[in-house]
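When the letters of the sequence shown are read in order and numbered with the numbering used here, they come out as residues 55 to 495. Notes to accompany the following structure.
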Amino acid sequence: MAEIFPFHAYRYDLERVKLAEVVTQPYDKITPSMQERYAEVPYNLITVEKGKATPNDSPHNNVYTRAEKALEDWIRNGILLRDMVPGIYVYSQEYTVPGSIERQIRNGFIALGRVEDYAAGVIFRHEQTLSGPKADRLELLRHTRTHTGQLFMLYTDEERRIDLLLDGVRRNSAAIEVRDEYEVTHRLWPVFDRETIAPIVQEMAGRKLVIADGHHRYETALAYRDQCRMQTEKPDAGAPYEKTMMTFFNTRSEGLLILPTHRVISNVPEFSPPAFRGAMSEIFEQESYSFASDAARAVASYGFQRALAAHGRTGRAIGMYAPGEFTLFHLRSDAPLATLMPDVSPAQRGLDVVLLHRIMLERGLGITPAAVATERNITYERQMDAAVATVDEGRAQICFLLNPVGVEQVMDMALAGEVLPQKSTDFYPKLLSGLTLYRME
């Protein structure tokens, strides 16, 4: 089962830098404007995590070589310091649930985990990956030999034994604290005491791990491990490339939040909302929330959102917005899903996002999986208001609005060897890059 290890993390010297000014969001969440802002600060991790290409780049001077040089300079000059003894790092995130005033805290810990093939049945994925991001991350890893970002891993500890051990650390020591640009407070407690670390390692040994976020980073670590193995004469299970940096969270802990990702649809020829609703009537019961004024719109939107959430708790529900009307689709009890989707497993049929893609998009609108992959007709929005605004502004024809996938659904799907459609989950908040770095040396 899962093997985890304490490690000699590299961390920023807080006497030389302000931590909030040098850490970044994960590379795939860094927008061009964020990249520019990060780059204005000396020693910001952006130089390594997502450097900016220039027209004069060459094989000897590019984003990867500059990342390598920056890391070596920072280590040589004491900007990054290596912990003298191996440790694990208790990690918490306190955040406001988007769209509310509710505060939540998510608690976990950072350690190394053994890199395992999926076939070994220890680490499971729940998403497919794309080749482009993996090629970029692999080239960066070849040059820097350093993992700067976190893999977000889920495990299940029904009795919360590991959580109790982590609670003891938080109660008895002071934290390193940093607040990010989303007003999320991140706290880190380095732990070097062997008697504290040993029971955590032992408890994790019987667990299976599911990748919640960071599939590309994990598969990059796999590819790098395999390349290193090919260059060695004898297997070495203790080699640095056999491990990667992970952050672990218990599915039975509080604070695990998944946000939905809404689908925005455009470029569908001769599209008619009434015709589409008619075509879906044999599969979905429907409720209309129409409006003709701004005041009526607010009432309709509120009622629709409450109904979408309520139906999602007890059954299957998908929302649609077209100008002037929200529509709630909830699955009929007699809908013949096995006939409509004979090539889809029962577990997959239990997901709203699969119903949306296979029945509504593919059968109802003629948007094929190939068109989805190339985003010919579909884009994605995290916020419902942003998706609706895209339609109101005439940049899209309709949008589909979803409830979030549940944590247990993610675990069940992954452990059964199933993968969810692209952009099905958005674990919030993200894990900061740069709190700890794992250098393979």
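Glycine residues also receive a C-beta, built at the ideal position from the N, C-alpha and C atoms.
State buried or exposed for residue i, treating a residue as buried only when at least 16 other CB atoms are found within 10 Å of its CB.
| i | result |
| --- | --- |
| residue 485 | buried |
| residue 371 | buried |
| residue 260 | exposed |
| residue 216 | buried |
| residue 448 | exposed |
| residue 332 | exposed |
| residue 191 | buried |
| residue 154 | exposed |
| residue 275 | buried |
| residue 85 | exposed |
| residue 271 | buried |
| residue 369 | exposed |
| residue 492 | buried |
| residue 159 | exposed |
| residue 286 | exposed |
| residue 258 | buried |
Give the range of the beta strand (DSSP E) segment to which residue i is assigned.
| i | result |
| --- | --- |
| residue 355 | Segment 348-368 is the alpha helix (DSSP H) holding residue 355; no beta strand (DSSP E) there. |
| residue 244 | 239-245 |
| residue 264 | 263-267 |
| residue 470 | It is not in any beta strand (DSSP E) - residue 470 carries neither H nor E in the DSSP assignment. |
| residue 306 | That residue, residue 306, is in no beta strand (DSSP E); it is neither H nor E in DSSP. |
| residue 383 | 379-385 |
| residue 455 | 452-455 |
Taking DSSP as the reference, what is the three-state secondary structure of residue i?
| i | result |
| --- | --- |
| residue 491 | strand |
| residue 318 | strand |
| residue 340 | strand |
| residue 232 | strand |
| residue 476 | coil |
| residue 395 | coil |
| residue 433 | strand |
| residue 59 | strand |
| residue 299 | strand |
| residue 486 | coil |
| residue 334 | coil |
| residue 286 | coil |
| residue 422 | coil |
| residue 324 | coil |
Can you give me the C-alpha to C-alpha distance between residue i and residue j, rounded to a whole angstrom?
| i | j | result |
| --- | --- | --- |
| residue 463 | residue 315 | 16 Å |
| residue 351 | residue 378 | 8 Å |
| residue 161 | residue 301 | 10 Å |
| residue 308 | residue 238 | 16 Å |
| residue 323 | residue 428 | 17 Å |
| residue 205 | residue 102 | 17 Å |
| residue 469 | residue 109 | 45 Å |
| residue 395 | residue 403 | 8 Å |
| residue 417 | residue 409 | 10 Å |
| residue 180 | residue 305 | 15 Å |
| residue 63 | residue 231 | 17 Å |
| residue 441 | residue 457 | 14 Å |
| residue 71 | residue 247 | 27 Å |
| residue 57 | residue 329 | 55 Å |
| residue 46 | residue 292 | Residue 46 is absent from the model: the chain starts at 55 and stops at 495. |
| residue 477 | residue 483 | 16 Å |
| residue 207 | residue 465 | 11 Å |
Would you mind reading off the limits of the alpha helix (DSSP H) that contains residue i?
| i | result |
| --- | --- |
| residue 373 | Segment 371-376 is the beta strand (DSSP E) holding residue 373; no alpha helix (DSSP H) there. |
| residue 251 | 248-258 |
| residue 219 | 215-226 |
| residue 402 | 400-403 |
| residue 502 | Given a span of 55 to 495 for the chain in the structure shown, any question on residue 502 remains unanswerable. |
| residue 444 | 438-446 |
| residue 406 | 406-409 |
Checklist entry - Can you list the alpha helix (DSSP H) stretches of 4 or more residues lying completely in the stretch 63-143, in chain order? => result For secondary structure counted as the alpha helix (DSSP H) over 4 or more consecutive residues, the stretch 63-143 holds these complete runs in sequence order: 73-76, 86-93, 100-103, 117-130.
Checklist entry - At which residue ranges does the stretch 158-205 contain complete alpha helix (DSSP H) runs of 4 or more residues, listed in the order of the chain? => result Look at the stretch 158-205 and you find these whole runs of alpha helix (DSSP H), each 4 residues long or longer: 185-198.
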